[in-house]
Amino acid sequence: RKEVEQDPGPFNVPEGATVAFNCTYSNSASQSFFWYRQDCRKEPKLLMSVYSSGNEDGRFTAQLNRASQYISLLIRDSKLSDSATYLCVVNLPSNSGYALNFGKGTSLLVTP
Amino acid sequence: DAGVIQSPRHEVTEMGQEVTLRCKPISGHDYLFWYRQTMMRGLELLIYFNNNVPIDDSGMPEDRFSAKMPNASFSTLKIQPSEPRDSAVYFCASSNWTGGFTDTQYFGPGTRLTVL
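Residue numbers (the working numbering), protein chains in the order written: chain S, 1 to 112; chain P, 1001 to 1116.
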């Protein structure tokens, strides 16, 4: 079983719609959580960290449910420029330090 | 400030040839990571360094892969001999570990490797 699992999509939504992605992780010792965004043929970039109390950055809201071991990302009023792959990332502590585990990503296409 | 720099951006080679990928991390960052991304397996961590020392190479697929970091501003990932299944995008990333839970990894643009 992979450490981090995401629905690959694609999610096709019209402009202005609200869309939500979920991600589950298998290791309850996971310490920190992130969403990265990856545009086509580009490198991943940090979108936002996910805090226990939930956090919001403009149109983006991230939630963490430790009991159920899942993370969510909500995008409101979606824009064409939101089209990308969204990677769920979980930081696992290890004896050697730490390691980020990436999900395979959820593809979003926002259409006019 | 310059981000993570990788070269070459594209590499096409024939099976059996040696391939060397290069990375210059962001100045001042003390962690450097090498990843491989394919459609089938997603983004996989191959190896990472802390202060130029390899910390965890458990993700390196086999002995054909090797990585070095001779100084704080340069790292290489070498594949010898290369095989078609090595075709992927190879990313280098760096970060500055502060002990917190929000440290960001900054990725380079990647090297798209095709082995024929």
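Glycine included, every Cβ here is placed at the ideal spot set by N, Cα and C. These numbers were taken from a predicted model, which means no experiment stands behind them.
Excluding residues up to 5 positions away in sequence, L1032, M1069 lie with their Cβ nearer than 6 Å to the Cβ of F1049 (chain P) in the same chain. The criterion of a C-beta distance shorter than 9 Å is not satisfied by F34 (chain S) and E1044 (chain P).
Counting C-beta pairs with one atom in each stretch, the segment 1005 to 1019 of chain P and the segment 1075 to 1088 of chain P have three or more that are closer than 8 Å, which means they touch.
Close to chain P, meaning a Cβ-Cβ distance shorter than 9 Å, are the following residues of the segment 36 to 49 of chain S: Y36, Q38, R41, K42, E43, P44, K45, L46, S49. CA-to-CA, the gap between N22 (chain S) and V89 (chain S) works out to about 12 Å. Judged by DSSP in its simplified three-state form, P1084 (chain P) adopts helix.
Using a CB distance below 7 Å, the part of the segment 1027 to 1054 of chain P facing chain S consists of G1042, L1043, L1045, N1050, ordered along the chain.
For Q31 (chain S), the CB contacts under 6 Å within the same chain, skipping 5 residues up- and downstream, are N91, P93 in chain order. Restricting attention to P:R1112, P:V1012, P:H1029, P:I1047, the CA atom closest to the CA of D1063 (chain P) is found in P:I1047.
Per DSSP, the continuous beta strand (DSSP E) segment holding A62 (chain S) begins and ends at 60 to 65. Fully enclosed beta strand (DSSP E) runs of no fewer than 3 residues occupy 11 to 14, 19 to 25, 32 to 38, 44 to 50, 55 to 57, 60 to 65 of the segment 9 to 69 of chain S, in order along the chain.
For T1111 (chain P), the uninterrupted beta strand (DSSP E) run begins and ends at 1111 to 1115, by DSSP. If you compare the alpha carbons of S:L100, S:L64, S:S81, S:K104 with that of V110 (chain S), the shortest gap goes to S:S81. Residue pairing by DSSP places L1046 (chain P) in no beta bridge whatsoever.
DSSP places V4 (chain S) inside the beta strand (DSSP E), whose first and last residues are 4 to 6.
At a cut-off of 9 Å between beta-carbon atoms, F1065 (chain P) makes no contact with chain S. Here D1056 (chain P) carries a strand assignment [DSSP, helix/strand/coil]. With its beta carbon at least 9 Å from every one in chain S, T1114 (chain P) lies outside the interface. Going by DSSP, V1004 (chain P) is part of no beta strand (DSSP E) at all; its letter is neither H nor E. Out of S:A99, S:K104, S:T106, the CA that lies nearest to the CA of D1103 (chain P) is found in S:A99.
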